[in-house]
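For the sequence shown, counting from 1, position 124 maps to 109 in the numbering used here; every step adds exactly one.
All C-beta atoms in this analysis are idealised placements derived from N, C-alpha and C, irrespective of residue type, glycine included.
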Amino acid sequence: MRTDVLGVAFDNVTLDEAVDRALALLEEEGPHLVVTPNPEIVQRAEKDPEFAEILSKAHLVLPDGVGVIYAAKILGRPLRARVPGIDFASALLGRVAGTGKRLFLLGAAPGVAELAAANLRAAYPGLTVCGTHDGYFKEDGPVADAIREARADLVFVCLGAPKQEKWIAANGAAAGARLYVGLGGSLDVFAGKVERAPESFQKLGLEWLYRLVKQPSRIGRMAKLPLFLVSAAGARLRGK
Ligand code: UDP
């Protein structure tokens, strides 16, 4: 049973449970899709039926961002845990390293995925990164071919939402991997290009505040968050 938050159905799982499910999906023929929607993505899906359909068919839908957790609480169906995409990805790599499963990194500016690969290999000894590709390509076909030729099992697709989810829906089967995870700007973080908020902010659910202070240009995107919570209150009052 999934938990509906303003049109997106979330898996009510902890980080450990999410990783266990992902590992199980890696054992089956794919393609499987993991998505990590934040409030911005939920709002996007409301206006984009194709995107909403892809999210509804995903194999694992994880609540990234404290806004989704607040909205679920306001709706009267609280989710057990926030599962940020980057935490999920890191925990998954910790379990995949040394198993022989092959990771491909797709996305971000040229050079970033290679840097992320080097850092991840150092952080997770025994991790097999079988290939990388930047996120600024014109044709999908050659990228899907590169993933297939690298014999990837797991692909982190970091093109931003909804581009990454649409790319996976259209190309996941051709690229031949078992599990695809849409992870937005995570390669920039793994590459050390973008700093994550200190742990104290993460624990308090204030990562968004840290990002806002570091990148004030995000204010336009974030100003939508209060509206998201107001929509949740409205839906609750309408008995949805
Ligand atoms: N990106 C990409 N190809 C594109 C557009 C974006 O590879 O055509 C990358 C961009 O370089 C960045 C990531 O996608 O690394 C999106 O980051 P953002 O923080 O906007 O994503 P979010 O996590 O908010 O979805």
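The residues Val27, Ala30, Glu31 and Ala37, in chain order, have a CB closer than 8 angstroms to that of Gly(-8) in the same chain once the five nearest residues on each side in sequence are set aside. Contact between the region 48 to 60 and the region 18 to 26 is established, with three or more Cβ pairs separated by less than 8 angstroms. The three-state reading of DSSP puts Tyr109 in coil, since its state is none of H, G, I, E or B.
Counting only beta-carbon distances shorter than 5 angstroms to the non-hydrogen atoms of ligand 1, the qualifying residues in chain order are Gly92, Ala93, Gly120, Leu144, Gly145, Ala146, Gly169, Gly170 and Asp173. For Phe141, the enclosing beta strand (DSSP E) covers residues Leu139 to Cys143. For His44, DSSP assigns no beta-bridge partner whatsoever. When the five nearest sequence neighbours on each side are left out, the beta carbons in the same chain lying within less than 7 angstroms of the beta carbon of Leu144 are those of Gly92, Gly120 and Trp152, in order along the chain. Here Ala57 is actually not in contact with Leu18; their C-beta atoms are around 21 angstroms apart, not less than 8 angstroms. Taking 3 residues as the minimum length, the beta strand (DSSP E) runs contained wholly in the region 67 to 120 are 87 to 92 and 113 to 118, in order along the chain. In the assembly as shown, Asp1 is an exposed residue. Its beta-carbon has fewer than 16 other beta-carbons within 10 Å. Note: Tyr165 is bridge-paired with Leu18 and Val140 in the DSSP secondary-structure output.
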